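Let me begin by presenting the structure, written as structure tokens, before commenting on it.
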Amino acid sequence: MSGLTSGAVEEWMDSHKESMQEIFLKKADTVLINKWLLVHGYSAVCDGVTHSTKRGSLTGGNSNPSSPRDLRCGDGFFENAHQRSNSKKYLRQDFAKSKKKNIFRTYEPTSSPELTTEGRRSSLKDMRMFRSLPQNSVNILSLLIQSKVRLPRYPSKDIDMKRDLRQINERDFFLEIVKDISNDLDLRSLTNKIKSNISVLVDGDAGSVFVLEGKGSNRPVLVSKLFDIHSGTSIFPSTSGQSSIKVAWGKGIIGHVAAQGDTVNILDASMDPRYNDEVDRITGYVTESIICMPIRNSDNEIVGVAQVVNKTGSCEGFSEDDEKMLTTYLTFCGIAIHNAQIFEAYSKEYERNKALLEVIHDLFEEQTSVENVIHKIMQRAQSLLKCERCSVLLRDGTSETNFNQVFDLGYPVKNGKSSNYKNVFSTCDPKTHPANRPRNVPSIICTSPENSSDMKFGNKIAEHVLITGETINISDAEHDGRFEHEVDKCGNISMRSILCKPIRNRDSQTIGVAQVMNKSDGLAFDEHDDQLFEAFTIFCGLGINNCVLYEETAILLSKQAVTLETLSYHAGVSATDVVRLKGQKVPEAPVWNLDNHRFNDFSLTKDEMLVAAIRMFEDLGFIRKFKIDIEVLCRWLLTVRKNYRNVSYHNWRHAFNVCQTMFASLKRSGVKRHLEDRETLALVVGCLCHDLDHRGTNNAFQQKSGSALAHLYGTSGTMEHHHFNHAVTILNSEGNNIFANFTSEEYSGTINLLKESILATDLSLHIQLRNKFFAMVDSGQNTWDDRESKETLRSILMTSCDIASITKPWQIQRKAADLVMAEFFDQGDKEKHQLNIQPQACMDRERQDELPKLQMGWIDGICLPLYTALSKMDAYFEPLKDGVLANRGYWEKMDADKLAKDIVRETGV
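Now the structure itself:
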């Protein structure tokens, strides 16, 4: 074997890897392991080894300064050789733990000169990631949190190197330990560095660092992020399952220093009344000298406490120089801890905001079930607030203090669902029993009052919040009189802290209560928890409100469907009527004088008008060109007629008369050559539908009375929009679509033309448009082929047909005027008696003797200018203008006769 070369040995090891690993496990010590870890880019298992011990630390009182001690920086235990040897068993455990830690933590470059190229490349990569962040960005912390990037840490030397550096150059050593903590934003890592550095700084055997938590609350505590405590104080373990220790505020030496801000430097801890040897009894460690100081931030606020125990190499304890050096160093530590706390708080705030956005997403995603909405919000609240239980209690609408529905989410949450989530009623109502509930309502467990007590956590507290609307935050339920202790026994959970808030609806009425109980870290709910939970209760109220609105909307839609079905039945026509109309003989247009402007508006019966309408569709070629089924046309005409109300003037007869005027104009004048077939179809259909469902009142009345139509359609063209929508409703009714053979594009275009035609009958729009038309006519325009000119022409035609009764012979015009005035007077009566307002003169029954003057004003202001312009455009309209002038003469004579009678009555002559 002596002749073997190193190459041969290496070759043999490569071919016998299992044997090589066994040799390594048998022979390797911690020094060798640390070297291996450093070469491969990992941190060492220990910060230092082979330190001398204090008396009694090894054998319960016998001094043995030569015995080695193993300091494990990762866990913070001081263990003696008696308790833990450097055996193969523990070496394997150390190696496994170290490897596991390094796999899951952010890579930290070491100061070892043997750092591999791969390690350097990883370090440089991390540096480049950080440098790529935008400079002077206000969102740099958000970027750090979201991208998981961490500030590059100053490479920390191991504890032996620090001790050597301190011996060589104390100034460089101090600069080294300041750099060591300068940009570490992880509190756990930072406090571990500070713990090691202060031990070296003042030659202490062990160090501890406690950070203040719960600042501003009535129960602040000091927390050690690592279980490395060697302090003389009472301690209580964390309930969060993490390896941290909490020290009560003002208790023991550490609590005293935090509360008073004093420095405590004692030679013999056992002689100090504030000292407690509980930890020493647990670990077998004996504490003698202690130096304990507060850590302050830049605002001189205490953010933690640092403690070093057992001065090495001296029986005098810690000196004044030690105090000065420690005070100076802790100034830098305070700034570093403050920065780390800010980063930690910002990280939490980032996660909170992210959770709130997820809650908002949940609200929009789920709006059909109150139970599902509350369950999702409770899950988010429990997860973010880190509490053991969350409950929502909804108010009974018939009671001021009772809850009729309770949702409870217990701990822990698995796979997004709580293993013991419950939804119960506090009383067993037969209506809510699963067997009696509708199929579309979520199943709810029904329990009697005596066996639902485990759901009534802090019932008195919840009732108080429900009644007062106040927030209750209890940090110690055991000693709070409002908490029911029997509930603690029934709920299988020991109550420590409770945060209870009201849930309000959109009208700010309290509709329930939300509770979170027992923070998993054992602390009370602080101000940030209160604000966050306030947001959750708001979202809970919004979620419940959205579900209620959804349910109300669903009910309204169902009612609407039923109403439309009912209206469709009653507003529709029977098959018998359709067959009868279809079988009618249709006379030629001249028989009834349909193509003449002097047509008698009152010459046809209601049924004859239906037949005449069929004739107009035939003569204009609509049935042939658009392949309109005659049965569909008959049904549509019957349905349109049925949907006109029995009012004095704006009824089916008026609609037919307007259509007849349009038919005559298209047949006799030259305007048809300017229009396409679908345009003329839209005009004729528009005439028949332009006053559908007219109520005998105008647009102004709808606004004055605040009618449903006014709310639905607004202030402009209220009735005209309603007429159009009603026309579309009829077309969409089964068997009434006379446009059924149109393509999708043709149908859409025709509907738009129909809408323009009906809306054009609004006189306010006519007044806006007519000056443009007058100017076009006066300019001698002969072509109306462009889109804008066509729109203007169609609108003018609709108005001219709508008011065409003013052009008819006097007997017809006088009768139509009387019908119009009857309708106006009815509206005036409603305005007087229902709205308590004075109607306009034309609608005031008491001023009906002014009718001739009002009619002349109507003719001069609207009618005569319109028909004069039309006569200039086409000679066909000249007789219509003449008819207007003739009728004006009759009204003028009536006004003169009235004036003469008034003079006779007044003068008696």
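With the UniProt record's numbering applied, the sequence shown corresponds to residues 1 to 909, in that order. Even for Gly, the Cβ is constructed at its ideal location relative to N, Cα and C. In this text the structure is predicted, and so the values were computed from the model without any measurement.
- Ser270 sits in a helix when the DSSP states are folded into three classes.
- For the pair of segments examined, the region 589-597 was found not to touch the region 535-550: the number of CB pairs separated by less than 8 Å stays below three.
- In this structure, His650 is the residue among Leu499, Gln260, His650, Gly512 with its C-alpha nearest to the C-alpha of Ile803.
- Per DSSP, the unbroken alpha helix (DSSP H) holding Leu759 starts and ends at 744-759.
- Classified as exposed, Met271 has fewer than 16 neighbouring CB atoms from the shown chains inside 10 Å of its CB.
- When C-beta atoms of the region 827-840 are compared with those of the region 804-812, fewer than three pairs fall below 8 Å, so the two segments do not count as touching.
- A Cβ-Cβ separation of about 5 Å places Lys162 in contact with Val200 under the 8 Å criterion.
- Rounded to whole angstroms, Phe824 and Leu357 show a C-alpha spacing of 58 Å.
- Taking 8 Å as the cut-off, the Cβ atoms of Leu394 and Gly541 do not count as close.
- Shown here, Phe626 sits in coil according to DSSP, grouped into three states, outside any helix or strand.
- Taking C-beta atoms under 8 Å as the contact rule, Gly261 and Pro294 qualify, at a distance of about 5 Å.
- Ile23 counts as exposed, since fewer than 16 other C-beta atoms from the protein chains shown sit within 10 angstroms of its C-beta.
- When the Cα atoms are used, Gly572 and Arg653 turn out to be separated by approximately 19 Å.
- With at least 16 other beta carbons inside 10 angstroms of its own, Lys881 counts as buried.
- DSSP lists Val209, Met293 as the beta-bridge partner residues of Ala306.
- Beta-bridge annotation (DSSP): Leu499 is paired with Asn473, Val516.
- With a threshold of 16 other beta carbon atoms within 10 Å, Val820 meets it and is buried.
- Taking each of Met609, Ser189, Ala869, Arg695 in turn and checking the Cα distance to Lys585, the smallest one comes out for Met609.
- In the three-state DSSP reduction, Gln341 falls in the helix class (H, G or I).
- Of the residues assessed, Thr783 falls on the exposed side of the cut-off, its CB having fewer than 16 other CB atoms within 10 angstroms.
- The residue among Ala340, Asp601, Ile628 with its C-alpha nearest the C-alpha of Ile614 is Ile628.
- For Arg668, the closest C-alpha among the options Asn353, Ala381, Asp172, Asp874 is that of Asp874.
- Sorting Ala575, Ala206, Phe774, Thr718 by C-alpha distance to the C-alpha of Ile758 places Thr718 at the top.
- In the three-state reduction of the DSSP assignment, Cys387 falls in the strand class.
- Bridge pairing for Lys311: Gly204 [DSSP].
- Taking one beta carbon from each stretch, the region 792-802 and the region 883-902 have fewer than 3 pairs nearer than 8 Å; the two do not touch.
- According to DSSP, residue pairing for Leu222 in a beta bridge involves Leu212, Val247.
- In the three-state DSSP reduction, Leu523 falls in the coil class, being neither helix nor strand.
- Annotation: the continuous alpha helix (DSSP H) that includes Gln260 extends over 252-260.
- Membership of Phe403 in the beta strand (DSSP E) is indicated by the continuous run 403-409.
- With respect to Asp607, Asn643 sits apart: the two C-beta atoms are not nearer than 8 Å.
- In this structure, DSSP gives Val684 a helical state, which the three-state scheme calls helix.
- Contact between Asn197 and Asp180 is confirmed by a C-beta separation of about 6 Å, below the 8 Å threshold.
- If you draw a straight line from the Cα of Thr537 to the Cα of Gln341, it is about 28 Å long.
- Runs of the alpha helix (DSSP H) lying entirely within the region 792-833 and spanning at least 4 residues, in chain order: 810-833.
- Annotated three-state conformation of Arg506 is coil, per DSSP.
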